[in-house]
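Reading through the structure tokens given below for one structure.
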């Protein structure tokens, strides 16, 4: 996370995204707490690939953060395995069976 603290053009050169960095950090911290060691660079890249697939799908940032923390606890870089459970609760609240 060397891009924190940079300003202007220097920050633009990193192509960093604060939200994606926050999600990756939540995943990595959860991973480390459950595994006792940090994720490898390949696992981090797999997570970034998963984020690329998820970020255009209209998910709420809060749902992605929860999915990242959950996936990290399982040492799983694929966020999509954790998103449906969280989104189904949101969908159920928005469309109750009995109205």
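Numbering (the numbering used here), first residue to last: 106 to 204.
Where a beta carbon is used, it is the ideal one built from N, C-alpha and C, also for glycine.
Remember, predicted model here, so these are calculated numbers, not experimental data.
**Request:** Could you pull out every residue in the same chain whose Cβ sits closer than 7 Å to the Cβ of residue 172, ignoring the five residues on either side in sequence?
**Result:** Numbered from 1 along the chain shown, position 67 holds the residue referred to as residue 172. Closer than 7 Å at the Cβ level, and outside the excluded window around residue 172, lie 184, 187, 188 and 191.
**Asked** Taking just the CA atoms, how far does residue 114 sit from residue 179?
**Response** Counted from its first residue, the chain shown places residue 179 at position 74. Counted from its first residue, the chain shown places residue 114 at position 9. Looking at the two C-alpha atoms, the distance is approximately 37 Å.
**Request:** Let me know if residue 131 comes out buried or exposed under the rule of 16 or more other beta-carbons within 10 Å of its beta-carbon.
**Result:** For the purposes of this step, residue 131 is taken as the residue at position 26 of the chain shown. With 16 or more Cβ atoms within 10 Å of its Cβ, residue 131 is classed as buried.
**Item:** residue 187 (DSSP reduced to helix, strand or coil)
**Value:** The sequence position of residue 187 within the chain shown is 82, counting from 1. Coil at residue 187, not helix or strand.
**Close beta carbons around residue 125, own chain, < 7 Å, minus the five adjacent residues each side** = By one-based count along the chain shown, residue 125 stands at place 20. For residue 125, where only same-chain residues beyond five positions count, the Cβ hits under 7 Å are 156.
**Asked** Can you name, in chain order, every residue of its own chain whose Cβ lies under 8 Å from the Cβ of residue 136, other than the five neighbours on each side?
**Response** Residue numbering aside, residue 136 sits at position 31 when the chain shown is read from its first letter. A distance below 8 Å between beta-carbons, with the five flanking residues on each side excluded, links residue 136 to the following residues of its chain, in chain order: 143, 144, 148, 177, 178 and 180.
**Asked** What number of angstroms, rounded off, separates the C-alpha of residue 117 from the C-alpha of residue 123?
**Response** The sequence position of residue 117 within the chain shown is 12, counting from 1. The sequence position of residue 123 within the chain shown is 18, counting from 1. One C-alpha to the other measures close to 12 Å.
**Message:** Can you list, in chain order, the residues of its chain with a C-beta nearer than 7 Å to that of residue 166? Leave out the 5 residues immediately preceding and following it.
**Reply:** Residue 166 sits at position 61 when you count from the first residue of the chain shown. For residue 166, where only same-chain residues beyond five positions count, the Cβ hits under 7 Å are 124.
**Asked** Which residues in the same chain have their Cβ closer than 7 Å to the Cβ of residue 128, if we skip the five residues on either side of it in sequence?
**Response** Here the question's residue 128 lines up with position 23 in the chain shown. If we look at residue 128 and ignore the five residues flanking it on each side, its Cβ neighbours are 156, 169, 170 and 173.
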